[in-house]
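Enquirer: Quick one: this structure, given as structure tokens, is what I'll be asking you about.
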């Protein structure tokens, strides 16, 4: 898949990370623990970070939550981590940032929802207070518009303006809603800059829950500003629905070069951890060729030629092995995240697919001779058979990783 030229956006520093410009598209996630419980929240932040979330957001909705932020940061640092923590503010952020300066000082970024900072005169004043806090503490701000909490005064004004147009120029109510979402983000950014917050401290997001609408909104937003953009389908849902919808929306935008940081907002199973949304983000980016995070296994789906479950079991074994070795290999073998392993089930596509991987094996299908050729960097190097075939292939993978990515590697792989 060809990635379009990356949209040029302003760089924004968030703690020890930077998004925008030519920097990598970063993965984000959010805790669901009560922020008032600093130990539980710090633990989940660390878990999300270890799963691959490079920036983690926490809810700051009460005075107790704001008071807990220093404890959360201290607990994270005690475990040796430096993780950018974003404070998610709604309704009372202007009060909390003023009343709890340590909270304002220690957060790496503030999230402001322009639809939830008050109405009428209070809207502008409350928004101004939050931006001034960001200026005082030299923090970036994500101005996060959400269609479920859109600025109702802005929407009403734009609906009235649309109603006053000639029939031939009127938009539908839905079209006006989409325009209002974009306008809220762009005008709020302009207001923040007028107050004194530089573009290098502004990130924009405009989230909706329908795939086609999200694509439209971000295409319009990308065309109207050069601010760094945070992508995400809001309220994506649970399981398969949430994964597919988020992947569909984010993949189209990322392939157009739009997006500087992403989050997949999945509803976890009760009691489950939240690392699935992190892994989905990583897989989206890796599948598009935007970034690499972990070695990948290519495996055929199986058909009538592959009634044997050997190749399926081997593919699972390889996947588990790569997953188990991921953290160790990343430390020991820089670049191993680009490794591609093929485990194929029969002679039809097996040899060809294996040749295109870094290392691949083509297992025999039904009625085929029980021998499995192994290819390394496009060349056949050996043929495996017998009861230890799976272990033999895993050993070959381990040797390949050490030879190609190890410190003693003399020459680069032929596949570069």
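Numbering (my numbering), first residue to last: 114 to 529. Heads up, the beta-carbon is just placed ideally off N, CA and C, and yes, glycines get one too. Keep in mind that this is a model prediction, so the values were computed, not measured.
1. Cutting at 8 Å between CB atoms, please list the residues of its own chain near residue 233, excluding the five before and the five after it.
2. Measure the alpha-carbon distance for residue 501 versus residue 402 and round it to whole angstroms.
3. Got a sec? Which residues, its chain only, sit under 7 Å from residue 146 by beta carbon, not counting five neighbours each side?
4. Return the CA-CA distance between residue 181 and residue 150, expressed in angstroms with no decimal places.
5. Taking residue 415 as the reference, which of 460, 388, 320 has the closest Cα?
6. Hey, could you find the ends of the alpha helix (DSSP H) residue 131 is sitting in?
7. Could you pull the start and end residues of the alpha helix (DSSP H) that residue 439 belongs to?
8. What three-state label does DSSP hand residue 513 in the structure shown?
9. Alpha carbon to alpha carbon, how far is residue 523 from residue 513?
10. Roughly how far, in whole angstroms, is the beta-carbon of residue 327 from the beta-carbon of residue 346, given that I think they are within contact range, below 8 Å?
11. Could you check the C-alpha separation between residue 279 and residue 339 for me, to the nearest Å?
12. Are there 16 or more other CB atoms within 10 angstroms of the CB of residue 273, so buried, or fewer, so exposed?
13. Within its chain, find whatever has a CB closer than 8 Å to the CB of residue 124; leave out the 5 residues flanking it on each side and keep chain order.
14. Specify the secondary structure class of residue 346 as computed by DSSP and reduced to three states.
15. Does any residue of chain C have a CB that is nearer than 7 Å to the CB of residue 504?
16. Between the segment 293 to 308 and the segment 223 to 243, can you find at least three pairs of beta-carbon atoms closer than 8 Å?
17. Helix or strand or just coil, what does DSSP make of residue 194?
18. Let me know if residue 143 comes out buried or exposed under the rule of 16 or more other beta-carbons within 10 Å of its beta-carbon.
19. Cβ of residue 518 within 7 Å of Cβ of residue 465?
20. Could you give the distance in angstroms between the alpha-carbon of residue 394 and the alpha-carbon of residue 284?
21. Please check the pair residue 258 and residue 319, which I expect to be a contact at CB under 8 Å, by giving their CB distance rounded to whole angstroms.
22. Closer than 8 Å is the cut-off here; do at least three beta carbon pairs connect the segment 169 to 189 with the segment 403 to 414?
23. For residue 454 and residue 377, which I take to be in contact (beta-carbon distance under 8 Å), what is that distance rounded to the nearest angstrom?
24. Look at the alpha carbon of residue 224 and the alpha carbon of residue 330, and state the distance between them as a whole number of angstroms.
Expert: In brief:
1. Around residue 233, the same chain offers 266 as residues with beta carbons nearer than 8 Å, after the five sequence neighbours per side are excluded.
2. 34 Å
3. 153, 154, 157
4. 7 Å
5. Among 460, 388, 320, the Cα nearest to that of residue 415 belongs to 460.
6. No alpha helix (DSSP H) contains residue 131, which is instead part of the beta strand (DSSP E) from 130 to 132.
7. 423 to 445
8. helix
9. Residue placement at residue 523 is flagged as unreliable, the pLDDT there being 46, under the threshold of 50; the coordinate-derived value follows with that caveat. Looking at the two C-alpha atoms, the distance is approximately 13 Å.
10. 5 Å
11. 32 Å
12. Counting Cβ neighbours within 10 Å, residue 273 comes out exposed, since fewer than 16 surround it.
13. Apart from the 5 residues on each side of it in sequence, residue 124 sits with its Cβ closer than 8 Å to the Cβ of 131, 132, 133, 134, 136, 313, 341 in its chain, given in chain order.
14. coil
15. The displayed structure is made up of one protein chain only, and chain C is not part of it.
16. yes
17. coil
18. buried
19. no
20. 35 Å
21. Residue 319 and residue 258 do touch by the CB rule: their CB atoms are close to 5 Å apart, below 8 Å.
22. no
23. Not really, about 25 Å apart at Cβ, beyond 8 Å.
24. 19 Å
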